[in-house]
Amino acid sequence: MSGRRGRRAVVALCRLFAVLMAPALIAGPAKADEAGATIATKGTPAGVPACVSCHGAQGQGNAIAGFPRLAGLPAPYLRAQLAAFASGQRANPVMMPFAKLLTPADIQAVTAYFAQLPAPALPKTIPAQTGPGAALALGGRWSEGVPACVSCHGPEGRGVGITFPPLAGQSAGYLKAQLEAWQHGTRPPGPLGLMKAVAGRLSAADIAAVTQWFGALTEGADK
């Protein structure tokens, strides 16, 4: 009997612990969400401005100003970019000083916040599948070691996992600037040095064509 009483006591204590801990377990994610939303919409006491002031109220980006979409991007990918800005591996005069002011907790919270925002809508029909931009996006140029963009970044550039971010939803100007950054060595080369190698095999005309093709996925989203 004493053994049964002991087991019952342990079970009762476990249940009591679960009941007592439930509010804390619920509050943990809620507080993290709140912290991320605060950083995104109001900034930090250390002097980092609200992310939405440049990246849009819903993290949709600002094509005219060249600020990228953040909404729906994988949190690990966003964290990696902030780390690259902070270390100087990814050169950007706006983002580098701000990234250095973010604490690890700030980064965890704000990247989780943007990751859970809905991705921008894509158009009902994709851009023309002919022409130099479509050829690179959909078929690549394997004779020169250039894979199809969609072979890594997914159909319609929607992104694959945490390593290959969406291209759809980013402006042509932003995408062009990133390919040029890889060419110039002002952005980390990516896993296995893939993006630096691919960008190095693209001409200025190639870059203009393929980024305009992906940019059209965003521009046509309301059509």
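The letter at position 171 of the sequence shown is residue 171 when you use this note's numbering, and the numbering goes up by one with no holes. Quick reminder that beta carbons are idealized off the backbone N, C-alpha and C, glycines included. All values derive from a computational prediction rather than experimental measurement.
Within the model, the alpha-carbon separation for S203 versus P188 is close to 20 angstroms. Linking A209 to P45 through their CA atoms gives a straight-line distance of about 42 angstroms. As the crow flies, the alpha-carbon of H184 is around 14 angstroms from that of L194.
Less than 8 angstroms divides the Cβ of A71 from the Cβ of A119.
For T111, the uninterrupted alpha helix (DSSP H) run begins and ends at P104 to A115, by DSSP. Per the C-alpha coordinates, the member of D206, A134, I207 and Q178 positioned closest to R90 is Q178.
Contact between F98 and A40 fails: their C-beta atoms lie close to 13 angstroms from each other, not under 8 angstroms. Only buried fits W182, as 16 or more other CB atoms lie within 10 angstroms of its CB.
Note that the C-beta distance between Q129 and L138 is below 8 angstroms. A check of alpha carbon separations from M95 across P76, A50 and K196 identifies A50 as the nearest. Here V146 is bridged, per DSSP, to R141.
Taken through DSSP and simplified to helix, strand or coil, V48 comes out as coil. Separation of E156 and L122 (C-alpha to C-alpha, rounded to the nearest whole angstrom) is 9 angstroms. Nearest to W213 by C-alpha distance, out of E180, K100 and V150, is V150. Taking the Cα positions, F164 is about 18 angstroms away from L117.
Looking at the DSSP output, V198 shares a beta bridge with no other residue.
Check the Cα spacing between G131 and each of R201, A83 and T211: the tightest is with T211. In the DSSP secondary-structure assignment, N62 is bridged to F67.
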